[in-house]
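Residue numbers for the sequence shown, in my numbering: 884 to 1124. Ideal Cβ positions, reconstructed from N, Cα and C, are used throughout, including at glycine. As structure tokens, the structure follows; a few thoughts come after it.
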Amino acid sequence: MKLIILDRDGVINEDSDAFIKSPDEWIPIPGSIDAIARLTSAGYTIVVATNQSGIGRGLFDITTLNAIHQKMLDTVKAAGGAIPAIMFCPHLPTDDCDCRKPRPGMFLTIGERFDAELKGIPAIGDSLRDLQAALLAGCTPYLVLTGKGRQTLEKGGLPPGTVVFDNLAAVAEHLIEKDQQAVSVELAQTISEPIEKTPVSGAVGKTVPKAKAKAAAKAKLASLTEKNAKTTGRKEKNEKR
Ligand SMILES: [Mg+2]
């Protein structure tokens, strides 16, 4: 499963220091809905993990939050995308819960529910606490410069391995491109091997099972592209400074 975990405010929709308290206040960031649709088409399972302390503060209730999320889901669906799950933490910072980011509780629950290994899963956010929660859960932290992202970058102290992109659209483009490169290298390796794999009639062929060769190519490539992603991330981060 290709899982990806997104923060909501400042990543999918415009953030507000006054909180998003109604469906009307939920306004998508340009390009973000299309990015979710593209990731959906590319086979990603997109899950949202969002701190919503506005509930604990009494600024809005669960019914309103559900209405906000229905608007988000409808907007995503109309663009051809899907968000199969939304996790939210309703608590106050003083509640000392395990789910409020920077704690990784929501991420760990996502891993359990989807029976997915979280190691290396892209987790996208605009605040330091998103990146910290991602790292604690074993995900790869991605900082986007929408919402509070620029402030977060300027403050520094990003978790090791954080990669930085302008926005969710740029993250989607990067991930989809990386997947396509992986497929073409895998194909190239498969094509370059058929001669030694064809057993001579009557002889005991020393064949490498195709699936095994493909898996080896895929694993090798995954480690390579991972390195590339980190390098690219660092480069982009430096350029932004
Ligand atoms: Mg945010």
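Quiz prompt | Per DSSP, the bridge partner or partners of Thr1023 | solution = Position 140 of the sequence shown, counted from the start, is the residue given in the question as residue 1023. According to DSSP, Thr1023 bridges with Pro1005.
Practice problem: Determine, using beta carbons only, whether Gln935 and Cys982 come nearer to each other than 8 Å. | Solution: Stepping through the sequence shown from its first residue, residue 935 is reached at position 52. Stepping through the sequence shown from its first residue, residue 982 is reached at position 99. No, Cβ-Cβ distance for Gln935 and Cys982 is not below 8 Å.
Quiz item: What's the gap between the Cα of Ala1054 and the Cα of Phe1048?
Solution: The residue you call residue 1054 lines up with position 171 of the sequence shown. The residue you call residue 1048 lines up with position 165 of the sequence shown. The sequence as given places Val at residue 1054; Ala does not occur at that position. If you draw a straight line from the Cα of Val1054 to the Cα of Phe1048, it comes to about 6 Å.
Quiz prompt | Same chain only: Cβ atoms within 7 Å of Arg940, ignoring 5 sequence neighbours per side | solution = Counting from 1 along the sequence shown, the entry for residue 940 is found at position 57. Result list for Arg940: Leu975, in chain order.
Quiz item: Using a Cβ-Cβ cut-off of 8 Å (strictly less than) and excluding sequence neighbours within five positions of Leu1051, which residues of its own chain qualify?
Solution: Within the sequence shown, numbered from 1, the residue matching residue 1051 stands at position 168. Excluding residues within five positions, the ones whose Cβ falls inside 8 Å are Leu889, Val894, Ile895, Ile912, Gly914, Ser915, Ala918, Ile919, Ile1007, Val1027, Thr1029.
Quiz item: Applying the criterion that 16 or more other CB atoms from any shown protein chain within 10 Å of the CB defines a buried residue, is Leu1070 buried or exposed?
Solution: Counting from 1 along the sequence shown, the entry for residue 1070 is found at position 187. Leu1070 is exposed by the Cβ-count criterion.
Exercise. Can you list the residues near ligand 1, meaning Cβ strictly closer than 7 Å to any non-hydrogen atom, in the order they appear in the chain?
Key: Asp890, Arg891, Asp892, Gly893, Val894, Asp898, Gly1008, Asp1009, Ser1010, Asp1013, Gly1030, Lys1031
Self-check item: Cβ pair Thr1045, Asp1009 closer than 8 Å
Solution: Here residue 1045 refers to the residue found at position 162 of the sequence shown. Here residue 1009 refers to the residue found at position 126 of the sequence shown. With respect to the 8 Å criterion, Thr1045 and Asp1009 are not classified as neighbours on the basis of their beta carbons.
Quiz item: Can you list, in chain order, the stretches of the alpha helix (DSSP H) that have 4 or more residues and sit fully within the region 921-981?
Solution: Runs of the alpha helix (DSSP H) inside the region 921-981: 936-939, 945-961.
Quiz item: Does DSSP put Asp1013 in a helix, in a strand, or in coil?
Solution: Residue 1013 sits at position 130 when you count from the first residue of the sequence shown. Looking at Asp1013 - three-state DSSP - the assignment turns out to be helix.
Quiz prompt | Distance between Leu922 and Ile993 (C-alpha atoms, nearest Å) | solution = Residue mapping note: residue 993 aligns to position 110 of the sequence shown, counting from 1. Residue mapping note: residue 922 aligns to position 39 of the sequence shown, counting from 1. Pairing Ile993 with Leu922, the inter-Cα distance amounts to about 18 Å.
Quiz prompt | Rounded straight-line distance, which links the Cα of Ile969 to that of Arg996 | solution = Residue 996 sits at position 113 when you count from the first residue of the sequence shown. Residue 969 sits at position 86 when you count from the first residue of the sequence shown. Taking the straight line from one Cα to the other gives about 12 Å.
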